[in-house]
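Participant: Residue numbers (this note's numbering): 89 to 291.
A virtual CB, placed ideally from N, CA and C, is assigned to each residue, including glycine.
This structure is a prediction, so every number in the text was calculated from the model and none was measured.
Dropping the structure here:
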């Protein structure tokens, strides 16, 4: 069963390398995203439907270091799927109730390349817990969902998780309302397959 995924997070050493990865792996050219001002990152996007997308994120060389509570886009030496986000309409309730799994929530915004801004609310990701396999949550509030403005290049056809502490991760996800079967493995892994045209592509 595929959980309600708002977006997938793919980290790249540089945004240029991430774009090349998308062209080589998915056969698509990512669309412009924007800059996360004050958080040290920027991104490009691949549409996966009107309410879902793939975010390729990298350290922005024009900004200072990435804060410890933000998406660790500077850690990976290759382009890799590292996390995922879901949606929730009441992040205040969610982060207070499940503060052992979720970070604090904050209002966010970023500039788009066309000069407009997009605003949202999100829980800070906690990649130190279960290696980023517990999702962070987002509420787009009055903003148009990014997926609705992107060309749809594919869709998620399968999604599963593996982790050494699979029982702990399973409990965390169940507490947060997800029906995802977690498998045991020697290292954390997100297994996601995209259907792009007639191809099934494993990320």
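Using three-state DSSP, classify residue 172 as helix, strand or coil.
Facilitator: strand
Participant: Does residue 195 come out as helix, strand or coil in the three-state DSSP assignment?
Facilitator: Here residue 195 sits in strand by DSSP.
Participant: Assuming residue 170 and residue 220 make a contact with CB atoms under 8 Å, what is their CB distance in whole Å?
Facilitator: 6 Å
Participant: Is residue 55 near residue 103, with beta carbons less than 8 Å apart?
Facilitator: In the structure as shown, the chain starts at 89 and stops at 291, and residue 55 therefore has no counterpart that could be examined.
Participant: Please report how far the alpha carbon of residue 237 lies from the alpha carbon of residue 112, in whole angstroms.
Facilitator: 23 Å
Participant: When the Cα atoms are used, what is the spatial distance from residue 277 to residue 270?
Facilitator: 10 Å
Participant: May I ask you to verify whether the stretch 125–140 touches the stretch 179–194, counting CB pairs closer than 8 Å and requiring at least 3?
Facilitator: no
Participant: My guess is that residue 193 and residue 207 are in contact by the Cβ rule of under 8 Å, so how many angstroms apart are they, rounded?
Facilitator: 14 Å between Cβ atoms; not a contact.
Participant: Count the other CB atoms within 10 Å of the CB of residue 227; is the residue buried (16 or more) or exposed (fewer)?
Facilitator: Under this definition residue 227 is a buried residue.
Participant: Would the beta-carbon of residue 231 fall within 8 Å of that of residue 281?
Facilitator: no
Participant: Express the C-alpha separation of residue 191 and residue 213 in angstroms, rounding to a whole number.
Facilitator: One alpha carbon belongs to residue 213, the other to residue 191, and they sit about 6 Å apart.
Participant: Tell me the start and end of each unbroken alpha helix (DSSP H) in the stretch 210–266 that is at least 4 residues and wholly inside, in chain order.
Facilitator: You should have 254–263.
Participant: The alpha helix (DSSP H) spanning residue 108 covers which residue range?
Facilitator: 103–109
Participant: Please name the residue or residues paired with residue 208 in a DSSP beta bridge.
Facilitator: Beta-bridge analysis with DSSP links residue 208 to 196.
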